Amino acid sequence: MGFVRTYNNKKGTRYQALYLDGQGCQQSAGMYDIKKDARKAWMRAEGRVFEGKLGDARRGRQTFRAYVEGRWLPNHRMEASTRQDYVYALNAHIMPYFGKLKMGAITSEHVRDWIAHLKKRNVSAHRIKYCKTSILNAIFTTALNDDVIVYHPSRAVDTDPVPDKPRVIITSDQFDLIYNALPSADARLLVETDIESGLRWGELTELRVKDLDFDTQILSVSRAVVELVPKHHPHGKRFLIKEYPKGKRWRRLKLSAQIVAKLKAHVEAKYLGPEDLLFSRCHEAAEPPPQLLDSQALKFIAPNGRMYTHGTITAYNLGKCKCAHCRGAYADYRAERRARGKDSPRKPRTVDTDPHISASWFRRHCWYPARAAADLDSKPRIHDLRHAHASWLLAGGADLQVVKERLGHRRISTTERYLHSLPNADETALHALDKIRTGQGERGNVKELKHQLEEAQAKIAELQTVLTDQLIAQHQVDSRGLRPA
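Using UniProt numbering, the first residue of the sequence shown is number 1, and each one after it goes up by one.
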């Protein structure tokens, strides 16, 4: 049972509202100038205890940074890649403004002022929406449910609209240009598998031999891999394998016979086992160059236009050659200097033995050079191959539900976004518009029928004239009593 405690001082009489929390401990609901207000305060607090909301006003006095870093971020359940993105967004855009504010003192006005502050810093509307909708709302929702705050300060605050831009789908001709410019057969096979299956990068690079049934051509997508900064990885590594793809639902899809045959030949050529990755860094490593026999074969012209000799330090430094001979010569040179104590040896690098292909490595060494060689007007990403897979299927007449299941979409409305996304998708509509404007629509059909009817009537009239002439001639012959021979 709550009560009011009276305090008399030089400034007057003050009333403190006291109540018992769920553990039977006495808590304060605040100090008031009017006894009636104090009584209402302890009654409200006691009512919240009866409802099961064991709040404590003192929890709202902690700073935003202390709550997020000490309570919310360690205990909030999310994917490892999502946690990494949240940490970067918090440190870059949210903590500098909210970090020192007390949780109970943050209002909607603060949130609006924060949005205006980010706009002045030229932060994009998409980034502001992500920080507010995905991160700030999640923090305040959890704080409200845990009775750290009494109301949600960002729930009724809107951000600037972010336009939904149309997708630019790569055409088959553009794909062929990029495909032919890729540096190796393994890179071409990886890209072709991507366009044939529509897999995400994490699903594609985690495919193993056991996931593909070469007899039925059925591919099972049951895992995905994400690339993280080691400090955000549970075990301090770079790649984290998830035992489920995006959407947390396994799926199965059928591949074409030609890509299955290529994958089978790839598996046999690399001697891969059931647990081995179909695509890995080991497969992309360049083979050492053949042994050079004569002095003429040792010469080469570098990009700077000068001639150098393989296996020398100048070829490595000035000629920018990184072949096995030049790298070996440079390694021997550095080892000799260190043996004489002229160079302080650096800390040995930790070699990452994980065979998964890094997305950034593939972009820099394979995709970007091939895209530049193709000389396209647009700059398609690797993920755009997934968009192209969906658009090509729908443009070719595939069922919408089948495409949805192949891509692993939760809602069919997501798949519908790929309808009519190719450059020639509106040709049917333009043809229909042209028929109406040129009079070849329904009115044009009526005109054509009238014209055909007039021609038919003219032919009938001509035939009737000929028949009448023949009848007249026959009648004249009969009237003279003559018979035709």
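Each residue gets a CB set at the ideal place from its N, CA and C atoms; glycine is no exception. A quick note: this is a predicted structure, and the numbers were derived from the prediction, not measured.
Within the continuous beta strand (DSSP E) that includes valine 225, where are the two ends?
224 to 227
Host alpha helix (DSSP H) of serine 172 (start-end)
172 to 181
Buried or exposed, going by whether 16 or more other CB atoms sit within 10 Å of the CB of glutamine 27?
buried
Closest to arginine 363 by CA distance: which of Arg155, Ala335, Ile382 is it?
Ile382
For the alpha helix (DSSP H) containing asparagine 317, name the first residue and the last one.
313 to 317
Minimum C-alpha distance to valine 221 - residue among Pro163, Gly396, Asp194
Asp194
For my contact list, threonine 309 and leucine 298 are in at a C-beta cut-off of 8 Å; report their separation, rounded to the angstrom.
5 Å
Residue environment, tryptophan 361, which counts as buried when at least 16 other CB atoms sit within 10 Å
exposed
If you run the structure through DSSP and keep just helix, strand and coil, what is aspartate 33?
coil
The beta strand (DSSP E) spanning serine 220 covers which residue range?
218 to 221
Given this structure, state the Cα-to-Cα distance separating alanine 395 from aspartate 146, to the nearest angstrom.
50 Å
Count the C-beta pairs between the stretch 403 to 410 and the stretch 251 to 265 that are closer than 8 Å, then say yes if the count reaches three, no if not.
yes
Can you grab the Cα-Cα spacing for the pair proline 289 / cysteine 321, in whole Å?
At proline 289 the pLDDT is 46, less than 50, meaning the model places this residue with poor confidence; the figure from the coordinates comes in the next sentence. Using only the alpha carbons, I get a separation of about 12 Å.
Determine the extent of the beta strand (DSSP E) in which threonine 13 is found, giving its start and end residues.
12 to 20
Taking the alpha carbon of methionine 43 as the reference point, which residue from Ala339, Gly60, Asp21 has its own alpha carbon closest?
Asp21
Please say whether arginine 112 and valine 157 have beta carbons closer to each other than 8 Å?
yes
So for threonine 309, helix, strand or coil by DSSP?
strand
I need the DSSP call for isoleucine 135, collapsed to helix, strand or coil.
helix
Please report the residue range of the beta strand (DSSP E) in which valine 260 lies.
No beta strand (DSSP E) contains valine 260, which is instead part of the alpha helix (DSSP H) from 257 to 270.
Is the beta carbon of glutamate 416 sitting closer than 8 Å to the one on leucine 400?
yes
Identified DSSP bridge partners for tyrosine 7:
Arg14
What is the DSSP secondary structure of lysine 165, reduced to helix, strand or coil?
coil
With DSSP as the reference, label aspartate 213 as helix, strand or coil.
strand
Considering just the uninterrupted stretch of the alpha helix (DSSP H) at lysine 119, what are its terminal residues?
108 to 120
In the DSSP assignment, find the beta strand (DSSP E) that holds leucine 189 and state where it starts and stops.
First-last for leucine 189: 185 to 197, but that is the alpha helix (DSSP H), not the beta strand (DSSP E).
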